[in-house]
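Protein chains in written order, with the numbering used here: chain A, 1 to 180; chain B, 181 to 421.
Worksheet: one structure, shown below.
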């Protein structure tokens, strides 16, 4: 290939590349972010309605306008237990700014009698929800415990943290992000 | 099949794929490094220092940009949480550390990049597998028969497109003729990788958009492609003159 032929080839490649950028531009904003419900960053957090350990009913969509941490946990899960104190500490630091924690116990795969003693022993002050049917876990496509979903005031998942225990610094950076 | 793979490597187990890709990539790079004028020891050293720079730099830069969170719990600087990390900052530090090591050891610039190319190509395969496991870098909605169910929609299997492209690039790199001038292997890898991401980004459902719908990743890939072709042409002219 001569120099001229090579340069023409390069120019054609670049023009085709530019044309592809123009053709594949997403003018309708077809990116699914923020439009449908899915347990993934950028999507609307799937709604759920569960009872707390004190018998109240909590619905996620009723908390729209507040920053929410949905934490999926079980008493038999070591990392879940280990991060509870940190979550409680930051919850008390940020709750006045509109931060809410919903700690959803995976009751359908946990010992229901162990939940309240654990919460009392740890002195946890945020609401503990009970997923007795596994419906909520299914909606959040639970694959590992703990799983934490940081949800912004607009109801969109800002960050998903799988595994733990979460460090306080991690909690603070993520909470400050969803409080914006 | 995809569901089994996703369950097997659900986060945080997806990291196994990345670690395996790093290990395999370095082993493959080591196998051929001497043909590029870099000894196995030099290759291992530059890789080790750069990886160390990536891990340390990523954490330190994350802490610096979120200083208030760390002043209240300074010991978290040593936390095992991988989310306390700035991947872009880590990459910058890794490149810087590798460059400083190369300068101090007087390593040939293009020879070093050529010897690391099998590592980069293998890492790209590991990254696409990791995306598939986690469900990130997902595709836009489609009604094509090969669409996959992900995040409550039938989507382009963009991670599989990415995997096929990275396997294809790896094969081309691995079977690239061994007597090519310094830098050509790396530039071929860069051109193929930027070209494939420019093409495949169009099928993504999570693109960052600018100026009324243009995909940022495509613009970056196109600019990278221009740079690669310009450098390649300039090296060719230097050789001919």
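By construction, the Cβ of each residue, glycine as well, lies at the ideal position given by its N, Cα and C atoms.
- Message: Considering just the uninterrupted stretch of the alpha helix (DSSP H) at residue 348 (chain B), what are its terminal residues?
- Response: Here the question's residue 348 (chain B) lines up with position 168 in the second chain. Secondary structure note for residue 348 (chain B): its alpha helix (DSSP H) is the uninterrupted segment 338–354.
- CB contact check: residue 386 (chain B) to chain A, cutoff 8 Å: Locating residue 386 (chain B) in the second chain gives position 206, where the first residue counts as 1. At least one chain A Cβ lies under 8 Å of residue 386 (chain B).
- Task: Kindly list, in the order they appear in chain A, the residues whose Cβ is closer than 8 Å to that of residue 317 (chain B).
- Result: The sequence position of residue 317 (chain B) within the second chain is 137, counting from 1. What residue 317 (chain B) touches in chain A: nothing, since even the nearest Cβ is about 11 Å away.
- Task: Would you mind working out which of B:364, B:387 and B:317 sits nearest residue 216 (chain B), comparing C-alpha positions?
- Result: Translated into the one-based positions of the second chain, residue 216 (chain B) becomes position 36. The residue with the shortest Cα to Cα distance from residue 216 (chain B) is B:364.
- Query: When burial is assigned at 16 or more other CB atoms within 10 Å of the CB, is residue 390 (chain B) buried or exposed?
  - Reply: Within the second chain, numbered from 1, the residue matching residue 390 (chain B) stands at position 210. With fewer than 16 Cβ atoms within 10 Å of its Cβ, residue 390 (chain B) is classed as exposed.
- Alpha carbon of residue 377 (chain B) to alpha carbon of residue 18 (chain A), nearest angstrom: Working through the second chain from its first residue, we reach residue 377 (chain B) at position 197. Working through the first chain from its first residue, we reach residue 18 (chain A) at position 18. A straight-line Cα-Cα distance of about 13 Å links residue 377 (chain B) and residue 18 (chain A).
- Looking only at DSSP bridge pairs, what is residue 162 (chain A) linked to? Looking up residue 162 (chain A) in the first chain gives position 162. DSSP, once it has assigned bridges, lists A:147 as partnering residue 162 (chain A).
- Query: When we look at the beta-carbon of residue 418 (chain B) and count the other beta-carbons within 10 Å, is it buried (16 or more) or exposed?
  - Reply: As a first step, residue 418 (chain B) must be located in the second chain, where it is residue number 238. In this structure residue 418 (chain B) is exposed. Its beta-carbon is surrounded by fewer than 16 other beta-carbon atoms within 10 angstroms.
- Item | Contacts of residue 354 (chain B) in chain A (Cβ-Cβ under 9 Å) | Your numbering for residue 354 (chain B) matches position 174 in the second chain. Correct list: empty, because the minimum Cβ distance to chain A is about 23 Å.
- Task: May I ask you to list the residues that DSSP assigns as paired with residue 67 (chain A)?
- Result: Numbered from 1 along the first chain, position 67 holds the residue referred to as residue 67 (chain A). Residue 67 (chain A) pairs with A:99.
- Query: How about the region 330–349 of chain B and the region 190–206 of chain B: do they share at least three Cβ pairs that are nearer than 8 Å?
  - Reply: No: the two stretches stay apart, fewer than three of their Cβ pairs being nearer than 8 Å.
- Item | Endpoints, the alpha helix (DSSP H) within which residue 335 (chain B) is located | Position 155 of the second chain, counted from the start, is the residue given in the question as residue 335 (chain B). DSSP places residue 335 (chain B) in no alpha helix (DSSP H) but in the uninterrupted beta strand (DSSP E) bounded by 333–335.
- Query: Looking only at its own chain, which residues have a Cβ that is under 6 Å from the Cβ of residue 333 (chain B), when we skip the five neighbours before and after it?
  - Reply: As a working note, residue 333 (chain B) is residue 153 in the second chain. Cβ-Cβ distances below 6 Å link residue 333 (chain B) to 321 in the same chain, with the five nearest sequence neighbours on each side left out; the list follows chain order.
- C-beta contact flag for residue 353 (chain B) and residue 288 (chain B) at 8 Å: Working through the second chain from its first residue, we reach residue 353 (chain B) at position 173. Working through the second chain from its first residue, we reach residue 288 (chain B) at position 108. Not in contact: residue 353 (chain B) and residue 288 (chain B) (Cβ atoms no closer than 8 Å).
- Task: Return the first residue and the last residue of the alpha helix (DSSP H) that residue 413 (chain B) is part of.
- Result: Counting from 1 along the second chain, the entry for residue 413 (chain B) is found at position 233. Under the DSSP assignment, residue 413 (chain B) falls in the alpha helix (DSSP H) whose first and last residues are 396–420.
- With 8 Å set as the bound, which would you pick, yes or no: does the beta-carbon of residue 40 (chain A) sit closer than that to a beta-carbon of chain B? By 1-based counting over the first chain, the position of residue 40 (chain A) is 40. Taking Cβ atoms only, chain B reaches closer than 8 Å to residue 40 (chain A), which makes this a yes.
- Task: Just tell me which of B:387, B:207 and B:366 has its CA closest to the CA of residue 25 (chain A).
- Result: Residue 25 (chain A) sits at position 25 when you count from the first residue of the first chain. Of the candidates B:387, B:207 and B:366, B:387 places its Cα closest to the Cα of residue 25 (chain A).
- Task: Evaluate contact between the region 226–241 of chain B and the region 142–158 of chain A, counting only Cβ atoms and requiring at least three cross-stretch pairs below 8 Å.
- Result: Taking a cut-off of 8 Å for Cβ pairs, the region 226–241 of chain B and the region 142–158 of chain A do not touch, as fewer than three such pairs fall below it.
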